[in-house]
Amino acid sequence: MRLPVLAAMVATALAGCDRPGEHAAPPAPPTAASVAPFDFLPDAVLLITCGTDGMLEACNCAGTLEGGLSRRSGLFAAYRAAFARTFALDAGDFSWLDAADLRNEYLLRAYRFVDYDAVAFGVGEMSATPAQLARQMRHAPLPYLAGTVSPADRSVRWPAARIVRRQWGDVQLAVLSYLPKQSLLFAPAETVEALAFQSDDDFAAQAVALRREGCALIVVCQGDDETAENLASWCPADVIVRARTSRSSPAVRTAAGGARIVQAGGWDVVGALAMRIEDGKVTRVQWRLEPVDTRWSVDRRALSVFQAYAHLAARKALDAERGASVRHVAPTECAKCHPAQFAAWRASPHARARAALAAGGRADDEDCLACHVGGFRAPGGFVSAAQSPARQGVECQDCHRFNADEHRAADFQRRPADEKVCTLCHTPLIDPGFRYDARAAKARCPKR
Ligand code: HEC
Ligand code: HEC
Ligand code: HEC
Ligand code: HEC
Numbered sequence: 055m056r057l058p059v060l061a062a063m064v065a066t067a068l069a070g071c072d073r074p075g076e077h078a079a080p081p082a083p084p085t086a087a088s089v090a091p092f093d094f095l096p097d098a099v100l101l102i103t104c105g106t107d108g109m110l111e112a113c114n115c116a117g118t119l120e121g122g123l124s125r126r127s128g129l130f131a132a133y134r135a136a137f138a139r140t141f142a143l144d145a146g147d148f149s150w151l152d153a154a155d156l157r158n159e160y161l162l163r164a165y166r167f168v169d170y171d172a173v174a175f176g177v178g179e180m181s182a183t184p185a186q187l188a189r190q191m192r193h194a195p196l197p198y199l200a201g202t203v204s205p206a207d208r209s210v211r212w213p214a215a216r217i218v219r220r221q222w223g224d225v226q227l228a229v230l231s232y233l234p235k236q237s238l239l240f241a242p243a244e245t246v247e248a249l250a251f252q253s254d255d256d257f258a259a260q261a262v263a264l265r266r267e268g269c270a271l272i273v274v275c276q277g278d279d280e281t282a283e284n285l286a287s288w289c290p291a292d293v294i295v296r297a298r299t300s301r302s303s304p305a306v307r308t309a310a311g312g313a314r315i316v317q318a319g320g321w322d323v324v325g326a327l328a329m330r331i332e333d334g335k336v337t338r339v340q341w342r343l344e345p346v347d348t349r350w351s352v353d354r355r356a357l358s359v360f361q362a363y364a365h366l367a368a369r370k371a372l373d374a375e376r377g378a379s380v381r382h383v384a385p386t387e388c389a390k391c392h393p394a395q396f397a398a399w400r401a402s403p404h405a406r407a408r409a410a411l412a413a414g415g416r417a418d419d420e421d422c423l424a425c426h427v428g429g430f431r432a433p434g435g436f437v438s439a440a441q442s443p444a445r446q447g448v449e450c451q452d453c454h455r456f457n458a459d460e461h462r463a464a465d466f467q468r469r470p471a472d473e474k475v476c477t478l479c480h481t482p483l484i485d486p487g488f489r490y491d492a493r494a495a496k497a498r499c500p501k502r
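Residue 90 in this note's numbering is what sits at position 36 of the sequence shown, and the numbering runs on without skipping anything.
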């Protein structure tokens, strides 16, 4: 990840705030705000996002957040409450620039709560290899839509579909994704070589067959405007979702073959397409763009995924300043030379932080563990309760970010356990009342 972004995250984590902390409360799905009706009663509503570009939330500040996944989830919940036949589609490019980055794992973990019906792979995802994508998919099981691409190596487990279908009464919807090789001009050669592509002929034949079965056809086009227009000329789609974009357009274009082309993108907007569907054909549409703003309620489950990620990202930035990561050892190792500090620590709530999760039955939930155990996923730190039984709390090196063997050298520059360290966990969202001076007086170790 890029350092300026990490630095900005740490900086925003320090921003003040005044909302009461609620993160220990049992997480609940968002409540449904009201949704404006369409001009006609739709047979189905398609919600479309694209080009999220790794943006879990706009910032780690405590004020009202706009554009993040937690509000997006609130918007989806509102639409689902208003229209029972809602199909939520992510048209791709959800990945951060570096598609193999840890951020994507957490983005997809939050997508579980946003409640998608299909999550399509776009060009952006193809900077990762199929094996890397397969790992992300296992980490966050979702209805992935790979469309025309699949791993060339058939032994790669690939839990992604070519088609996603939905049926409500006599209304049938089929969603396909068209990702041709020529859209991957800038993808690493390694990825392109590792992929197999469905031919245009097979893709068209599949579309025709679905039509014959009575499905209304939604086709995501992972390409530019020209590719979308061209696709409309040989594929019998009702609606083409022009993907590969982080821009949205309020206009509905009608392609030569009659297909409607719509485009929604960016982390702060959702497109909503109301459809009248008669005899398996979309006969009428209304398209509108919904800003993801404070009108929609926050999904605290998605927010807690983000908090866990923000912790890891801020920690990485802090270690980058020092130029090395921390190798965690058991507090009993430090105790050999610092018995008084060890005794004080052992009596503190930090030493028992994982136990606080057990009360809510979340002692193994990695969205919570990040700040409630010693060195979560860091060298020598907590991996799982079975593998790291001695890492059950916030430990010495979570605050003293250096290694035991280096800190006694005469020229060692020690970073004190300062505000930046505490706010890795006591973030403005989690602990809005946190003031370093007052709390450090309570939490600091006794003097030597
Ligand atoms: C072998 C003995 C030994 C071990 C093990 C050890 N330390 Fe130290 N530590 C020292 C000594 C000696 C100093 C004083 C260094 C100095 O003042 O130059 C010190 C200094 C410190 C200080 C700064 C105190 C000050 O007065 O500036 C901190 C904080 C600290 N140690 C934390 C730790 C932590 C955390 C661990 C375990 C990861 C650890 N130490 C392991 C011997 C040890
Ligand atoms: C970004 C770091 C972070 C994450 C992620 C996190 N917590 Fe916390 N948690 C804290 C901090 C800091 C405190 C102490 C400050 C406070 O009480 O507000 C705390 C306190 C708590 C407490 C109260 C403990 C007590 O004894 O009063 C509970 C319960 C809790 N967390 C549960 C959870 C659960 C459940 C999750 C996962 C959904 C979670 N935490 C995720 C940092 C985190
Ligand atoms: C919640 C954060 C936190 C944890 C956990 C923690 N400390 Fe500290 N400790 C502090 C703070 C804050 C200070 C004062 C600022 C500083 O020196 O960095 C401090 C100071 C110290 C000092 C220097 C004392 C002096 O003379 O000023 C030592 C030694 C030390 N800690 C050792 C440890 C050891 C060993 C552990 C684990 C058994 C531990 N600490 C766990 C926050 C923590
Ligand atoms: C790795 C994450 C982490 C770091 C770093 C951390 N804390 Fe905490 N802190 C927690 C958690 C989690 C709890 C809640 C533990 C519980 O109650 O079970 C907590 C609880 C506390 C409490 C007691 C509850 C309260 O809110 O009064 C104080 C005081 C506190 N922390 C101060 C600090 C200070 C000061 C620092 C920095 C020197 C710091 N913490 C660093 C995670 C952290």
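Even for Gly, the Cβ is constructed at its ideal location relative to N, Cα and C.
CA-to-CA distance, residue j to residue i, given in whole angstroms
{"i": "G128", "j": "D171", "result": "16 Å"}
{"i": "R298", "j": "Q236", "result": "13 Å"}
{"i": "Q135", "j": "G121", "result": "Reading the sequence as shown, one finds Ala at residue 135 and not Gln. C-alpha separation (whole angstroms): 20 Å."}
{"i": "P385", "j": "C499", "result": "13 Å"}
{"i": "R266", "j": "Q226", "result": "11 Å"}
{"i": "N457", "j": "Q221", "result": "58 Å"}
{"i": "P195", "j": "H392", "result": "45 Å"}
{"i": "A65", "j": "I484", "result": "The pLDDT assigned to A65 is 38, lower than 50, so where the model puts this residue is not dependable; a value taken from the coordinates is nonetheless given after this. Roughly 16 Å separates the two Cα atoms."}
{"i": "E332", "j": "D224", "result": "9 Å"}
{"i": "A368", "j": "V89", "result": "37 Å"}
{"i": "E344", "j": "G311", "result": "28 Å"}
{"i": "P443", "j": "F430", "result": "13 Å"}
{"i": "F257", "j": "L101", "result": "24 Å"}
{"i": "C277", "j": "L233", "result": "In the sequence as presented, Cys is not what sits at residue 277; that position holds Gly. Distance between the alpha carbons of G277 and L233 is about 7 Å."}
{"i": "R469", "j": "H454", "result": "8 Å"}
{"i": "A509", "j": "C104", "result": "For the chain, the structure presents residues 55 to 502; residue 509 sits outside this window and is missing."}
{"i": "L156", "j": "E179", "result": "13 Å"}
Cβ neighbours of residue i in the same chain (closer than 6 Å, five flanking residues each side left out)
{"i": "H480", "result": "F488"}
{"i": "R502", "result": "none"}
{"i": "F360", "result": "L110 and E111"}
{"i": "R354", "result": "P81"}
Segment limits, beta strand (DSSP E) that includes residue i
{"i": "W341", "result": "K335 to P345"}
{"i": "D256", "result": "Premise fails: D256 lies in the alpha helix (DSSP H), D254 to R266, not in any beta strand (DSSP E)."}
{"i": "M329", "result": "V323 to E332"}
{"i": "A305", "result": "S303 to T308"}
{"i": "L101", "result": "A98 to T103"}
{"i": "S204", "result": "V203 to P205"}
{"i": "V475", "result": "Unbroken run through V475 is the alpha helix (DSSP H), E473 to C476; no beta strand (DSSP E)."}
Buried versus exposed call for residue i [16 or more other C-beta atoms within 10 Å across all chains shown]
{"i": "W150", "result": "buried"}
{"i": "R301", "result": "exposed"}
{"i": "P474", "result": "According to the sequence provided, residue 474 is Lys. The question's Pro does not apply to it. Buried, because 16 or more other Cβ atoms sit within 10 Å of the Cβ of K474."}
{"i": "E244", "result": "exposed"}
{"i": "T281", "result": "buried"}
{"i": "Q451", "result": "buried"}
{"i": "A492", "result": "exposed"}
{"i": "L239", "result": "exposed"}
{"i": "Q190", "result": "buried"}
{"i": "A82", "result": "exposed"}
{"i": "H365", "result": "buried"}
{"i": "P482", "result": "buried"}
{"i": "L263", "result": "Rather than Leu, the amino acid found at residue 263 in this sequence is Ala. Burial call: exposed."}
Short CB-CB distance (under 8 Å) between residue i and chain D
{"i": "N114", "result": "As a matter of chain content, chain D is missing from the structure shown, which is built from one protein chain."}
Start-to-end residues for the alpha helix (DSSP H) that takes in residue i
{"i": "W399", "result": "P393 to R400"}
{"i": "D452", "result": "C450 to C453"}
{"i": "Q361", "result": "R354 to R376"}
{"i": "Y232", "result": "It is not in any alpha helix (DSSP H) - Y232 instead sits in the beta strand (DSSP E) that spans V225 to Y232."}
{"i": "T386", "result": "P385 to A389"}
{"i": "S188", "result": "The residue you asked about is not Ser; residue 188 is Ala in the sequence shown. P184 to H193 is the span of the alpha helix (DSSP H), which, as asked, contains A188."}
{"i": "W12", "result": "Because residue 12 is not part of the residues shown, which for the chain are 55 to 502, the question remains open."}
{"i": "F167", "result": "L156 to V168"}
{"i": "F131", "result": "The sequence given here has Ala at residue 131, not Phe. L123 to A136 is the extent of the alpha helix (DSSP H) around A131."}
{"i": "D421", "result": "E420 to H426"}
{"i": "T140", "result": "Run containing T140: none in the alpha helix (DSSP H); it sits in the beta strand (DSSP E), T140 to D144."}
Cβ-based neighbour list, residue i, same chain, cut-off 8 Å, excluding 5 preceding and 5 following
{"i": "F94", "result": "A328, R330, R338 and Q340"}
{"i": "A250", "result": "V203, S204, P205 and A206"}
7 Å CB neighbourhood of residue i in its chain, flanking five on each side removed
{"i": "Y490", "result": "E473 and C476"}
{"i": "G428", "result": "H382, G435, F436, R445, G447, V448, E449 and D452"}
{"i": "A164", "result": "L110, L123, A356, V359 and F360"}
{"i": "S351", "result": "P84, T85, A87 and G128"}
Quiz item: How would the residue list near ligand 2 read, in chain order, if you kept each one whose beta-carbon is closer than 7 Å to any heavy atom?
Solution: G75, H77, A78, P81, S358, Q361, A362, A364, H365, P403, A410, L411, A413, G414, R416, D419, D421, C422, A424, C425, H426, C479, H480, T481, I484 and D485
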